[in-house]
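Using full-length UniProt numbering, read the sequence shown as starting at 1 and increasing by one per residue.
Beta carbons: idealized from backbone N, C-alpha and C, even for Gly.
One structure is given here, and the rest of the page talks about it.
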Amino acid sequence: QDARPSEVWGCRFRPGRAVGPFGRSSAFLNSPGDCGLPPDVPNAQPVLEGLSPFPVQHTVRYKCNEGFVKVPGKPDSALCQENNQWSEVKEFCNRSCNDPPRLLFASLEKTYSNQNYFPVGSTVDYQCRLGYRRERDLSTTLTCLDNLEWSKPAEFCKKRACPNPGELQNGNVKIETDLLFGSFISLSCNTGYKLIGASSIYCVVQENGVGWSDRLPLCQEISCPEPPKIENGMIKEESSIYVYRQTVTYECNRGFTLVGQHSIYCDAENEEGVWSGPAPECRGRHVPPKPPPEVQESTTVPSAQKPTKVIVPATQGVPVPRATTRVYTTGTTKGKGSSPAGAAYLISGLVAGTVIVGILILVKIFWDYGKSGTYNTNENKALNVKFHNLSVTDDASEVRPSDKL
C-alpha cells in the first residue's frame, strides 16, 4: 500500500508519530480545545502538576533554575488558548546574587527589605544597629560581583562604650573583657560582707546610646544572731548587734566553773553570719547541806599570879600595860564537809570575847595593887607603928596594918 497522505474529515496527515506544537512530538492529535506540553523557557522549568494534555484556559507556571531568579515585572506563566496554542513566554529568569548578608553591627536599609533580585553590579546600603556608631571613613555599601558573590563588608560600625562603673565600697569590680556594648562586669563583696543586688551587670542599649543594665549593688556587713545564753553565767559586755569577727566572752557566776571555750566569734558561711562554735557551760560542785557545826572550846588563861610590886611617884597616874592572851580553840563537826565561813566567824567571836575578859581582869589587878607603894613622909616610923597599931613586915620598906586590935 502506497504511503500517501490520507484525508480524514478534510485533514491530511501522514502515518506515524505526529509533531506537536513548539516542535514537541506527540503520539496523538490534540482533541479540539486541548493544548499539548507547554513551551520551553530559558533557565526555567514548567510546573506540570501531572496534566497532559491541558484544557483551554489552563495556566502553567514556570520556576527558575538554580542560580537564577525571576526578573521583577516579567511574566512567568503560559496560557492554553482557544486555538490550542500556548501564549508566548519570554525569558524571565536571570542570574542574581543571593540575599545580601546579615551583619552583626548593621542592618539592611528598608528599601531592600522585600527585594530578592540582585543582578550583577547591583548595590545595597546598610545602617548601624543600636549600640553601634558609624565610622565615617568607611563605606556602608555592598556590590553584587560577577561571580554572584557580594563584596566583603568593612566594619563600618563600631561598638559604643558604657561609662566607667566606678568603685564598689567594701567589694570588687571585675571587668571581664571591656566596657563596650554587649560586655559585662562581675561584682563581689569582701569577706565579711553580703552582696545586696546584682552580681553581674551588662552594657545594653538605652535610648539612643548604651548604659549599664543595673546600678552597682551594696556590700552589707554580715551580722550574727544573738549569741546563745548560758545557765549560771553571763556574757561580758553584751551588744545590740554582733558583726563579722566580733567576739563575745562568757563568765560564770560565783561557785561555778566554765567548761569549754571562754570566747566565740561571729563568722561567715554562704554570706550568712554564724557563730564559730558552741557556747561554754558553767558547772558547779554539788555540796549537800550540812548541819550547824558543834564547837568545843578550851581557853587557857594565866592562873593565879604572884603579887606585883609597883613603885610609882605619887603625882603620876597608873599605867596600864599591854597583855597577851592566848586562846586555844578546838572544834569537831559531824559529817564530812566543813563550813570555813561559819568557823571563821565563831573563832573571831571567841577571840574577841577572850581579849575583853583578859583586859578587864588585868585592869582589876592593877587597880587593887595601885594602892600600895613607897612614900617618904619624913615621919618617925616607930612612933607611927605604935600610935596606929601597925606591924612591920620582913621587908622594912613595907608597913601593913596589925592584926591585933
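Local conformation of residue i per DSSP, three classes
i: residue 184; result: strand
i: residue 256; result: strand
i: residue 47; result: coil
i: residue 350; result: helix
i: residue 364; result: helix
i: residue 56; result: coil
i: residue 171; result: strand
i: residue 120; result: coil
i: residue 304; result: In this prediction, residue 304 has a pLDDT of 44, which is less than 50 and means its spatial position is unreliable; what the coordinates show is noted afterwards. Note: residue 304 maps to coil in three-state DSSP.
i: residue 222; result: coil
i: residue 140; result: coil
i: residue 194; result: strand
i: residue 110; result: helix
i: residue 284; result: strand
i: residue 209; result: strand
i: residue 264; result: strand
i: residue 358; result: helix
i: residue 235; result: strand
i: residue 249; result: strand
i: residue 128; result: strand
i: residue 99; result: coil
i: residue 105; result: coil
i: residue 82; result: coil
i: residue 244; result: coil
Contact set for residue i: own chain, Cβ-Cβ below 7 Å, skip 5 residues either direction
i: residue 261; result: 277, 280
i: residue 265; result: 245, 246, 247, 276
i: residue 125; result: 109, 140, 141
i: residue 169; result: 219
i: residue 189; result: 170, 171, 195, 219
i: residue 75; result: 89, 92
i: residue 175; result: 185
i: residue 192; result: 221, 222, 244, 245, 268
i: residue 253; result: 232, 233, 282
i: residue 123; result: 141, 142, 143
Other residues of its chain near residue i: CB distance less than 8 Å, five sequence neighbours each side excluded
i: residue 284; result: 232, 255, 256, 257
i: residue 249; result: 235, 236, 237, 262, 263
i: residue 223; result: 241, 242, 243, 244, 266, 273
i: residue 138; result: 154, 155, 156
i: residue 197; result: 187, 214, 215, 216, 217, 218
i: residue 259; result: 280, 281, 282, 283
Nearest candidate by alpha-carbon position, reference residue i, set the options
i: residue 89; options: 59, 114, 172; result: 59
i: residue 414; options: 347, 50, 271, 61; result: In the structure as shown, the chain begins at 1 and stops at 405. Residue 414 is therefore absent and cannot be evaluated.
i: residue 178; options: 160, 190, 170; result: 160
i: residue 214; options: 208, 234, 225, 187; result: 187
i: residue 211; options: 191, 236, 182, 365; result: 182
i: residue 62; options: 55, 92, 34, 54; result: 92
i: residue 68; options: 119, 107, 367; result: 119
i: residue 71; options: 149, 116, 145, 154; result: 116
i: residue 121; options: 136, 137, 138, 100; result: 100
i: residue 217; options: 205, 165, 282; result: 165
i: residue 105; options: 95, 55, 130; result: 130
i: residue 57; options: 81, 50, 51; result: 81
i: residue 229; options: 251, 347, 209; result: 251
i: residue 162; options: 359, 135, 209, 146; result: 209
Nonlocal neighbours in the same chain, by C-beta distance under 6 Å from residue i, ignoring five residues either side
i: residue 423; result: Missing from the structure shown is residue 423; the chain here goes from 1 to 405 and no further.
i: residue 133; result: 158, 160
i: residue 78; result: 38, 60, 86, 87, 89
i: residue 200; result: 184, 186
i: residue 41; result: 62, 89
i: residue 65; result: 43
Paired residues, beta bridge with residue i - DSSP
i: residue 202; result: 184
i: residue 77; result: 61
i: residue 89; result: Answer is none; residue 89 lacks a bridge partner.
i: residue 133; result: 158
i: residue 272; result: 269
i: residue 71; result: For residue 71, which the question treats as bridged, DSSP gives no partner whatsoever.
i: residue 94; result: 69
i: residue 34; result: 55
CB-CB length for residue i against residue j, believed under 8 Å
i: residue 151; j: residue 127; result: The pair is not a contact, with the Cβ atoms about 17 Å apart (cut-off 8 Å).
i: residue 148; j: residue 97; result: 5 Å
i: residue 203; j: residue 180; result: 7 Å
i: residue 153; j: residue 103; result: 6 Å
Below-8 Å beta-carbon distance, residue i vs any chain C residue
i: residue 78; result: Judged by its chain identifiers, the structure shown contains no chain C, having just a single protein chain.
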